[in-house]
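Working notes for the structure below.
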Amino acid sequence: MLKFSLAFFGSFLLVSPSVSALNTVPNSHQLPQRNNAELLVTQRTANTNRERIQQLSQEIQQLVNNKQWDLALEKAKQMTELYPNIYLSWSLLGVVHLQFEQFNEAVITLEKARSLAPDNETKKPILSALGTAYQQRGIQYFQQKQFEIALSDLNKAINLRPNVAESYYIRGLLYSTQEKFDLALLDLNKAISINPNLAGAYDILGVIYAMKEDFTKALNNLEKAAQLYRQQQKPEQYKKTQELIQVIRQQMN
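Rendered as structure tokens:
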């Protein structure tokens, strides 16, 4: 039986989700009944808060767009202190944490935003960002060989974003490392069905089939991976895949 090591092929990309600048300050008709003077003061306060929230969110978005991450983080933290019950405060802070690759902090803050969001439509961009945070934290745990925690995070990422190929690919890679090849095959094929140009998925499929001594399928997948690596201008991955193809062909002869 041929012996092949399972390694990371390709890179994991952090997609920066956008969060719509919305707010949940209640309108005047949602406030408790009070006398006219009290109601007028409350309305003015609500309007002032709404304007300040919009201003802060725009400032943070601008800092993010300009890649002024330190200032964005400082401003986002300030917003959560001023408006801790507004989901937008936490969603913006979560996105900034993602940019800093502070994935544990991103999960915590985005879960907070999720709990405060008033409806499903509002939650959509939050769930997208949260899925990214769980995926990236799962990768960190994977690299630290904390496989069970990594699997839990990847499962959550897939539940939140079931149409993201990379999450299936990474989970398939994790299953491969644990030699759970049937589960790995399911995930890797799912990843390819979503993104047929995901070269790393073909690569790991080829390794698995080689370990299962199904050399025809191994070569088919590795050759597809090599073709994609060449097209995507990834010379290092292309070279490694070609070397593996040559080893398999030599063993078959």
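Each residue of the sequence shown is one higher than the one before, starting from 45 at the first, in the numbering used here. Just so you know, even glycine gets a beta-carbon here, dropped at the ideal spot from N, CA and C.
| message | Along the chain, where does the alpha helix (DSSP H) containing residue 293 start, and where does it finish? | response | Position 249 of the sequence shown, counted from the start, is the residue given in the question as residue 293. From DSSP, the alpha helix (DSSP H) with residue 293 extends over 279–296.
| request: Under the assumption that residue 130 contacts residue 160 (Cβ atoms under 8 Å), give the Cβ distance between them as a whole number of angstroms. | output: Along the sequence shown, one-based indexing puts residue 130 at 86. Along the sequence shown, one-based indexing puts residue 160 at 116. With a Cβ gap of about 7 Å, residue 130 and residue 160 count as contacting.
| Cβ of residue 142 within 9 Å of Cβ of residue 180? | As a first step, residue 142 is located in the sequence shown; it is residue number 98 there, counting from the start. As a first step, residue 180 is located in the sequence shown; it is residue number 136 there, counting from the start. It is a contact, given that the beta carbons lie within the stated cut-off.
| task | Only counting runs of 4 or more residues, tell me where the alpha helix (DSSP H) segments fall wholly within the region 139–180, in order along the chain. | result | 147–160
| message | So, under 8 Å CB-CB, residue 216 and residue 197 are touching, yes? Tell me the CB distance rounded to an integer number of Å. | response | Residue 216 sits at position 172 when you count from the first residue of the sequence shown. Residue 197 sits at position 153 when you count from the first residue of the sequence shown. Between residue 197 and residue 216 the Cβ distance is about 15 Å, and since that is not below 8 Å, they are no contact.
| request: Please say whether residue 236 and residue 266 have beta carbons closer to each other than 9 Å? | output: Taking the first residue of the sequence shown as position 1, residue 266 is located at position 222. Taking the first residue of the sequence shown as position 1, residue 236 is located at position 192. No, Cβ-Cβ distance for residue 266 and residue 236 is not below 9 Å.
| said: For the alpha helix (DSSP H) containing residue 118, name the first residue and the last one. | reply: Counting from one through the sequence shown, the residue named residue 118 turns up at place 74. First-last of the alpha helix (DSSP H) with residue 118: 113–126.
| said: Let's test the definition: count the other Cβ atoms within 10 Å of the Cβ of residue 257 and tell me whether it reaches 16, buried, or not, exposed. | reply: Within the sequence shown, numbered from 1, the residue matching residue 257 stands at position 213. Flag for residue 257 reads exposed.
| Helix, strand or coil at residue 298 [DSSP, three-state] | Beyond the ends of the chain as shown, which are 45 and 297, falls residue 298; an answer cannot be given.
| task | Within the same chain, show all residues whose beta-carbon is closer than 8 Å to that of residue 292, passing over the 5 residues directly before and after it, in chain order. | result | As a position in the sequence shown, residue 292 is number 248, starting the count at 1. 46, 254, 259, 262, 263 and 266.
| request: May I ask which residues mark the beginning and end of the alpha helix (DSSP H) holding residue 236? | output: Locating residue 236 in the sequence shown gives position 192, counting from the first residue. 225–238 is the extent of the alpha helix (DSSP H) around residue 236.
| query | Considering residue 192, what are the terminal residues of the alpha helix (DSSP H) in which it resides? | reply | Along the sequence shown, read from residue 1 onward, the residue named residue 192 stands at position 148. Segment 191–204, the alpha helix (DSSP H) holding residue 192.
| request: Return helix, strand or coil for residue 257, following the three-state DSSP convention. | output: As a working note, residue 257 is residue 213 in the sequence shown. Here residue 257 sits in coil by DSSP.
| query | For residue 208, which three-state DSSP category applies? | reply | The residue you call residue 208 lines up with position 164 of the sequence shown. Coil.
| request: State the DSSP-derived secondary structure class of residue 242, mapped to helix, strand or coil. | output: Taking the sequence shown and counting its residues from 1, the one referred to as residue 242 is at position 198. If DSSP states are grouped into helix, strand and coil, residue 242 belongs with coil.
| According to the Cβ coordinates, are residue 136 and residue 123 closer than 9 Å? | Looking up residue 136 in the sequence shown gives position 92. Looking up residue 123 in the sequence shown gives position 79. Result yes, Cβ atoms of residue 136 and residue 123 sit closer than 9 Å.
| request: Can you say whether residue 281 is buried or exposed, counting buried as having 16 or more other CB atoms within 10 angstroms of its CB? | output: Residue mapping note: residue 281 aligns to position 237 of the sequence shown, counting from 1. Buried, because 16 or more other Cβ atoms sit within 10 Å of the Cβ of residue 281.
| task | Sort 176, 232 and 146 by Cα distance to residue 205 and report the nearest one. | result | On the sequence shown, position 161 is the one that residue 205 refers to. Nearest C-alpha to residue 205: 176.
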